[in-house]
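What follows is one structure encoded as structure tokens, with my remarks underneath.
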DNA sequence: CTCTATATGTCAGTTTCCTTACATGTCACA
DNA sequence: TGTGACATGTAAGGAAACTGACATATAGAG
């Protein structure tokens, strides 16, 4: 019998689900969801990005992202002009409060990620990252 | 600067999200969602399992699982007694049609998983699986 | 210049899943 | 015996995501 890879897809789901749960747990004191954290994180990486591009980066639809951005705007964590200078895309930016919240959230999330990887050596972590990247590359396009 | 592991959590999310999308795509002709496939798959592995146990295995709440089971029962893919012989748990079982649907779905899903792993050697696949298992172990409990 | 393709934002409706809460059944143990 | 802890099923309501549809703005082809 062939050495069947023991359900890599299932293990992927299991790991992602558990990581999401732990992150949600860690972020609860800050009143942030994982999706909101991911949104803020990408906003810092690419200030002025459009909601549609942000949606693609965080794996939700642009409708969901616009709703989420509105929530973050209501909490003064994100700012967005009401009209575009050019084109339709409205650039989104972190406010100072948003940057502060992100920094606090990042500490908590980094703790979870560190815990997740603590049983792996540097080589093993790198191999895991490479494997995941290969999976993504093979499935997209 | 420390060799920061490049966002293993994010890559996990990315890979899982893309895999889910491809599976959904592959299963669409059979009118099955990924969650439903996962449910049928576990039902074959553990016939007579309760909805609550099934829910834990597929990472949803038992309320969601009971709703999903009802759908599958309505389509004659799953059968379940109306009363328990002992205890409260109602054992769920695949019908013949359910087993057939699962077999067809499995071919499609295996194709997706194979595609996902095609760029990886046997050693690399095994390393990926071990890495994921280590992550799960570190995050649970 | 005109027209098509593409990308963005938005509205409406639906689905799916979750949270909270409660009733029921079994088991361990005092 | 009976009582408390635990697991299961179920109901009701809400939150978050998706799909489908449409208007708008830009760029490019003809």
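Chains as they are written, first to last, in the numbering used here: chain A, 62 to 202; chain B, 62 to 202. No residue lacks a Cβ here, since even glycine has one placed at the ideal position from N, Cα and C.
| query | If you follow the alpha helix (DSSP H) that residue 169(A) is part of, which residue opens it and which one closes it? | reply | 157 to 178
| query | Which residue from 120(A), 152(A), 147(A) puts its Cα closest to that of residue 134(A)? | reply | 152(A)
| query | What residues from the region 76 to 108 of chain A come within 7 Å of chain B, judged by C-beta to C-beta, listed N to C? | reply | 76, 77, 78, 79, 80, 83
| query | What's the C-alpha gap between residue 101(A) and residue 116(A)? | reply | 12 Å
| query | Taking only beta-carbon atoms, is residue 192(A) less than 8 Å away from chain B? | reply | yes
| query | Using the beta-carbon count (16 or more within 10 Å), is residue 34(A) buried or exposed? | reply | Residue 34(A) falls outside the range modelled here, since chain A spans only 62 to 202, and no answer is possible.
| query | In three-state DSSP terms, what is residue 113(A)? | reply | helix
| message | On the DSSP letters alone, give me the boundaries of the alpha helix (DSSP H) that residue 82(A) sits inside. | response | 69 to 88
| Touching by the beta-carbon criterion (3+ pairs, under 8 Å), the region 75 to 89 of chain B and the region 110 to 128 of chain B | no
| Whole-angstrom distance between residue 69(A) and residue 79(B), CA atom to CA atom | 14 Å
| Can you find a C-beta in chain B that's less than 8 Å from the C-beta of residue 73(A)? | yes
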